Amino acid sequence: MRPACEVAQVIRQTWAQVEQSTQLNNWQKRTLRLIRDCRTAALGGHLDQCPACSHLRISYNSCRNRHCPKCQVLAREDWVAARKAELLPVPYFHVVFTLPGELNRLCLYGPDRVYDALFATAWSVIGSFAGDPAHLGAHTGMIAVLHTWGQNLSLHPHLHCIVPGGGITAAGFWKSARSKGKFLFPVKALSRVMRGRMVAALRKAFPGEDPQLFRTLFTKPWVVYAKRPFASPGAVIDYLGRYTHKIAISNHRLLSVDKDRVRFRYKDYRDGSQKVMELAPMEFIRRFAQHILPRGFVRIRHYGILSSRKKAGSIPQIILQLQGKTITLSRHLRSKTPAVLCPCCKKSLMKTILRFDHRGPPARYRSLLNNTSSQ
Numbered sequence: 001m002r003p004a005c006e007v008a009q010v011i012r013q014t015w016a017q018v019e020q021s022t023q024l025n026n027w028q029k030r031t032l033r034l035i036r037d038c039r040t041a042a043l044g045g046h047l048d049q050c051p052a053c054s055h056l057r058i059s060y061n062s063c064r065n066r067h068c069p070k071c072q073v074l075a076r077e078d079w080v081a082a083r084k085a086e087l088l089p090v091p092y093f094h095v096v097f098t099l100p101g102e103l104n105r106l107c108l109y110g111p112d113r114v115y116d117a118l119f120a121t122a123w124s125v126i127g128s129f130a131g132d133p134a135h136l137g138a139h140t141g142m143i144a145v146l147h148t149w150g151q152n153l154s155l156h157p158h159l160h161c162i163v164p165g166g167g168i169t170a171a172g173f174w175k176s177a178r179s180k181g182k183f184l185f186p187v188k189a190l191s192r193v194m195r196g197r198m199v200a201a202l203r204k205a206f207p208g209e210d211p212q213l214f215r216t217l218f219t220k221p222w223v224v225y226a227k228r229p230f231a232s233p234g235a236v237i238d239y240l241g242r243y244t245h246k247i248a249i250s251n252h253r254l255l256s257v258d259k260d261r262v263r264f265r266y267k268d269y270r271d272g273s274q275k276v277m278e279l280a281p282m283e284f285i286r287r288f289a290q291h292i293l294p295r296g297f298v299r300i301r302h303y304g305i306l307s308s309r310k311k312a313g314s315i316p317q318i319i320l321q322l323q324g325k326t327i328t329l330s331r332h333l334r335s336k337t338p339a340v341l342c343p344c345c346k347k348s349l350m351k352t353i354l355r356f357d358h359r360g361p362p363a364r365y366r367s368l369l370n371n372t373s374s375q
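The sequence shown begins at 1 in the numbering used here and counts up by one.
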């Protein structure tokens with residue numbers, strides 16, 4: 001169902017304030033402008049015609065921005081399709097590394113440094129525990145996805161990690177996790193090691209920062225959550241489809257938008273209930289914008305035996321050992337825009353006959369479009 005309200009609607013009605021805001025940087029304003037103009041005449045489009053009944057239809061271009069609520073469906077489908085061929089016939093574990101709220105200030109003015117350190121430290125911890133013979137004694141892999149938001153759009157940086165239940169030993173053989181794949185690594189130990197290594201990484205990334213901040217980070221345990229293994233490899237795909245291309249808030253969570261307030265649904269994880277939050281439009285934009293990642297920042301990363309450099313050799317090797325099958329990983333091609341059935345005759349697929357920029361289609365086509373719509 002089409003949502004009643006859109007994030008783009010909030011951006012349009014506050015655009016004059018967005019342009020003048022000193023709280024937003026140029027990259028955030030550029031991203032907001034793209035979301036505002038997504039699938040409107042401002043980005044141009046194409047003219048489609050039905051070969052059977054000659055029905056004409058205008059389709060406006062999408063912005064293809066990864067923060068846009070309307071542009072993630074095809075990207076998600078492509079990514080998930082590529083991962084299906086790489087699934088191993090082993091249990092997968094879901095591990096979440098969460099940064100404490102004391103680091104939110106650093107996340108706001110140095111997000112690339114903080115989030116790069118988070119990725120590197122999380123893999124360092126997982127890799128160390130996997131390589132330790134007391135826990136596994138093998139080289140494992142990891143897929144990590146960065147989320148920076150909570151349900152109420154507050155800053156809540158955390159890393160969702162998918163880790164296979166085992167790894168490849170130095171001799172080249174698959175070794176499963178202990179306890180018959182029901183347990184990966186001790187969470188309390190993960191938390192302590194994660195805290196120590198992350199603080200050390202932040203000291204290097206922010207040499208001029210107040211040392212008291214880093215001392216404060218040792219006063220309480222960090223949150224590392226390890227869920228039980230997924231029920232099946234298919235469940236891993238379902239999970240990836242939900243989380244990999246998720247954005248701070250979807251259009252379907254918006255309840256109403258007017259000049260004074262934006263209302264949206266959110267889940268309060270303290271009691272598990274659904275609640276409604278009301279924010280002033282500019283406060284909504286401010287919260288949304290703090291989750292716009294720096295330019296070129298990679299928010300989905302692959303490590304170890306699942307990395308781009310190693311998976312072509314490691315994944316077929318593991319599948320051959322565990323299932324006796326020989327496979328070759330092939331490069332997944334990006335999906336094309338899906339063909340659309342003619343809304344008039346409902347018999348033929350629409351075909352693109354003209355592409356145009358923000359000025360719109362030529363005058364001769366405009367008259368044809370007007371005649372079509374009036375019939």
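Note that the Cβ used here is the ideal one computed from N, Cα and C, for glycine as well.
Quick caveat: nothing in here was measured; it's all calculated off a predicted structure.
TODO: Assuming W222 contacts P111 (C-beta within less than 8 Å), just tell me the rounded distance between them.
DONE: By one-based count along the sequence shown, residue 222 stands at place 222. By one-based count along the sequence shown, residue 111 stands at place 111. Going by Cβ atoms, the distance from W222 to P111 rounds to 19 Å, so no, they are not a contact pair.
Task: Enclosing alpha helix (DSSP H) for Q212 [first to last residue] - done: For the purposes of this step, residue 212 is identified with residue 212 of the sequence shown, where counting begins at 1. From DSSP, the alpha helix (DSSP H) with Q212 extends over P211 to T216.
Open item on the list: Does R359 pass the burial test, meaning 16 or more other C-beta atoms within 10 Å, or should it be called exposed?
Closed with: For this step, residue 359 is matched to residue 359 along the sequence shown. It counts as exposed.
Task: Identity of the residue in K351, S232 and K346 nearest A339 by Cα - done: Position 339 of the sequence shown holds residue 339. Checking every option, the nearest Cα to that of A339 belongs to K351.
Task: Sequence-distant residues of the same chain with beta carbon closer than 7 Å to R197, five excluded per side - done: Numbered from 1 along the sequence shown, position 197 holds the residue referred to as residue 197. T121, S124 and V125, listed in sequence order.
Open item on the list: Please report the distance separating the alpha-carbon of F206 from that of F93.
Closed with: Here residue 206 is taken as the residue at index 206 of the sequence shown, counted from 1. Here residue 93 is taken as the residue at index 93 of the sequence shown, counted from 1. Cα to Cα, F206 sits roughly 32 Å from F93.
Task: Minimum length 4: unbroken alpha helix (DSSP H) runs contained in the segment 170–250 - done: Fully enclosed alpha helix (DSSP H) runs of 4 or longer: 187–205, 211–216 and 233–243.
Open item on the list: Whether or not the segment 284–298 and the segment 152–166 are in contact is what I'm after, with contact meaning three or more pairs of Cβ atoms, one per stretch, closer than 8 Å; do they touch?
Closed with: The segment 152–166, when compared against the segment 284–298, does touch it at the 8 Å Cβ threshold.
Task: 7 Å Cβ shell around N26 - same chain, five flanking residues per side excluded - done: As a first step, residue 26 is located in the sequence shown; it is residue number 26 there, counting from the start. Close CB contacts of N26 within its chain, under the 7 Å cut and outside five residues either way in sequence, are absent.
- [ ] Taking Y60 as part of the beta strand (DSSP E), name the residues at either end of that continuous run.
- [x] As a first step, residue 60 is located in the sequence shown; it is residue number 60 there, counting from the start. Per DSSP, Y60 belongs to the beta strand (DSSP E) from L56 to Y60.
Task: Length of the line joining the Cα atoms of P362 and L159 - done: In the sequence shown, residue 362 corresponds to position 362, counting from 1. In the sequence shown, residue 159 corresponds to position 159, counting from 1. L159 has its alpha-carbon roughly 49 Å from the corresponding atom of P362.
Open item on the list: My output table needs one value for S273: the three-state DSSP class, helix, strand or coil.
Closed with: Position 273 of the sequence shown, counted from the first residue, corresponds to residue 273. Three-state DSSP puts S273 in a strand.
Task: Exposed unless 16 or more other CB atoms sit within 10 angstroms - verdict on K188 - done: Walking along the sequence shown from the start, residue 188 turns up at place 188. Result: exposed.
Task: Cβ-based neighbour list, Q28, same chain, cut-off 8 Å, excluding 5 preceding and 5 following - done: Here residue 28 corresponds to residue number 28 of the sequence shown, with the count starting at 1. So the qualifying residues of the chain are A289 and I292.
Open item on the list: On the criterion of 16 or more Cβ atoms from any shown chain inside 10 Å, does P343 qualify as buried, or is it exposed?
Closed with: As a first step, residue 343 must be located in the sequence shown, where it is residue number 343. Classification of P343: exposed, given that the 10 Å Cβ count is below 16.
Task: Buried versus exposed, by CB contacts within 10 Å (16 or more), A130 - done: Indexing the sequence shown from 1 puts residue 130 at position 130. Looking at its Cβ environment, which holds 16 or more other Cβ atoms inside 10 Å, A130 is buried.
TODO: Identify whether M142 lies in helix, strand or coil by the three-state DSSP scheme.
DONE: Here residue 142 is taken as the residue at index 142 of the sequence shown, counted from 1. Here M142 sits in strand by DSSP.
Task: Collapsed DSSP secondary structure at L320 in the structure displayed - done: As a position in the sequence shown, residue 320 is number 320, starting the count at 1. Here L320 sits in helix by DSSP.
Open item on the list: Do F264 and I249 count as a contact pair if the criterion is CB distance below 9 Å?
Closed with: In the sequence shown, counting from the first residue as 1, residue 249 sits at position 249. In the sequence shown, counting from the first residue as 1, residue 264 sits at position 264. A contact, by the Cβ cut-off of 9 Å.
- [ ] Give me whichever residues DSSP pairs with G45 in a beta bridge.
- [x] On the sequence shown, position 45 is the one that residue 45 refers to. In DSSP, G45 forms a bridge with Y60 and F356.
- [ ] Report the three-state DSSP secondary structure of K351 (helix, strand or coil).
- [x] If you number the sequence shown from 1, residue 351 lands on position 351. DSSP places K351 in strand when its eight states are reduced to three.
Open item on the list: Here's a check: name, in chain order, each residue in its chain whose Cβ is nearer than 6 Å to the Cβ of R382, leaving out the five neighbours to either side.
Closed with: The structure shown does not extend to residue 382, since the chain spans only 1 to 375, so no value can be given for it.
Open item on the list: Is it buried or exposed, K70, if we count other Cβ atoms within 10 angstroms and call 16 or more buried?
Closed with: Counting from 1 along the sequence shown, the entry for residue 70 is found at position 70. The residue is buried, with at least 16 neighbouring Cβ atoms inside 10 Å.
Open item on the list: Considering just the uninterrupted stretch of the alpha helix (DSSP H) at I126, what are its terminal residues?
Closed with: By 1-based counting over the sequence shown, the position of residue 126 is 126. Per DSSP, I126 belongs to the alpha helix (DSSP H) from P111 to G131.
Open item on the list: Within a Cβ cutoff of 7 Å, which residues of the same chain sit near S373, ignoring the five residues on either side of it in sequence?
Closed with: Here residue 373 refers to the residue found at position 373 when the sequence shown is read from its first residue. Summary for S373: the model assigns pLDDT 47, below 50, so the residue's position carries little reliability, and this model does not support an answer.
- [ ] Over the uninterrupted alpha helix (DSSP H) stretch that includes L34, give me the two end residues.
- [x] Residue mapping note: residue 34 aligns to position 34 of the sequence shown, counting from 1. N26 to D37 is the extent of the alpha helix (DSSP H) around L34.
Task: In chain order, each beta strand (DSSP E) run of at least 3 residues that lies wholly inside the segment 77–106 - done: Runs of the beta strand (DSSP E) lying entirely within the segment 77–106 and spanning at least 3 residues, in chain order: 92–98.
Open item on the list: Can you give me the C-alpha to C-alpha distance between L43 and I35, rounded to a whole angstrom?
Closed with: If you number the sequence shown from 1, residue 43 lands on position 43. If you number the sequence shown from 1, residue 35 lands on position 35. If I take the Cα positions, the gap works out to 11 Å.
TODO: Quick one: residues in its chain with C-beta nearer than 7 Å to the C-beta of C53, no 5 flanking neighbours on either side, listed in chain order?
DONE: Position 53 of the sequence shown holds residue 53. Here C53 has C342, C344 and C345 as same chain residues with Cβ atoms under 7 Å from its own Cβ, once five neighbours each way along the sequence are excluded.
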